[in-house]
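Accompanying notes for the structure given below.
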Amino acid sequence: MSTRTISPESFPSLRGRVLGPDHPDYNDARAVWNGMIDGRPAVIAQCLGVSDVPACIRFARDSGVPVAIRGGGHNIAGLGVADDSLLIDCSKMRGVRVYPDERRAVAQPGCLLSDVDRETQVYGLAAVLGFVSTTG
């Protein structure tokens with residue numbers, strides 16, 4: 001159970017949503033792939049773009065709040081969610097940029113394997129990352 005209270009107003013420049021334990025979407029937003037993990041962060045900052053992440057990190061540093069960072073939410077140990085923390089949720093950041101001449105791709109932290117596969121296949125490339133498309 002989260003004991004720390006952090007106001008959504010603490011993140012004025014964040015483009016995504018800020019969810020506290022009283023928000024109706026809080027429980028869904030803190031869920032990770034491993035359903036046995038029941039971490040309860042003090043607040044969840046749903047980042048929509050790159051600039052949202054350092055804003056969250058600055059807040060955590062300045063206020064002494066521990067941080068958990070979630071990408072695709074697939075870590076079996078549930079390290080992407082922690083009790084009484086600021087959960088920096090990057091799961092909505094799913095952009096992939098492919099450089100076909102270099103046979104290279106750059107993926108944002110919320111990507112799933114299906115996102116990377118979809119974008120690389122356009123160029124006749126394959127990402128050798130696994131075979132479960134929902135892995136993130």
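Just so we're aligned: the sequence shown equals residues 1 to 136 in my numbering. Every residue, glycine too, gets a C-beta built ideally from N, C-alpha and C. Predicted, not measured: the structure shown is a model, and the values here were computed from it.
So if DSSP puts residue i in a beta bridge, which residue, or which two residues, is it bridged to?
i	result
Tyr99	Arg104
Asp115	DSSP, once it has assigned bridges, lists no residue as partnering Asp115.
Val18	Ala45
Leu125	DSSP lists no partner for Leu125.
Among the residues of its own chain, which have a CB less than 6 Å from the CB of residue i, if the five just before and after it don't count?
i	result
Asn34	Ile76, Gly78
State buried or exposed for residue i, treating a residue as buried only when at least 16 other CB atoms are found within 10 Å of its CB.
i	result
Met93	buried
Ala126	exposed
Ser51	exposed
According to DSSP, is residue i part of a helix, a strand, or is it coil?
i	result
Asp62	helix
Which two residues bound the contiguous beta strand (DSSP E) that contains residue i?
i	result
Ala157	Examination of residue 157 is not possible in this model, given that the chain is present from 1 through 136 alone.
Val67	67 to 70
Ile6	Run containing Ile6: none; DSSP gives neither H nor E here.
Leu193	A question about residue 193 goes unanswered here, because the residues of the chain that appear run from 1 up to 136.
Near residue i, what residues of its chain come up, given a Cβ to Cβ distance below 7 Å and the 5 sequence neighbours on each side ignored?
i	result
Pro100	Tyr123, Leu125
Can you find the residues in the same chain that come closer than 8 Å, C-beta to C-beta, to residue i, ignoring five residues on each side of it along the sequence?
i	result
Pro41	Ser2, Arg30, Ala68, Val81, Ala82, Asp83, Asp84, Ser85, Leu86, Leu87
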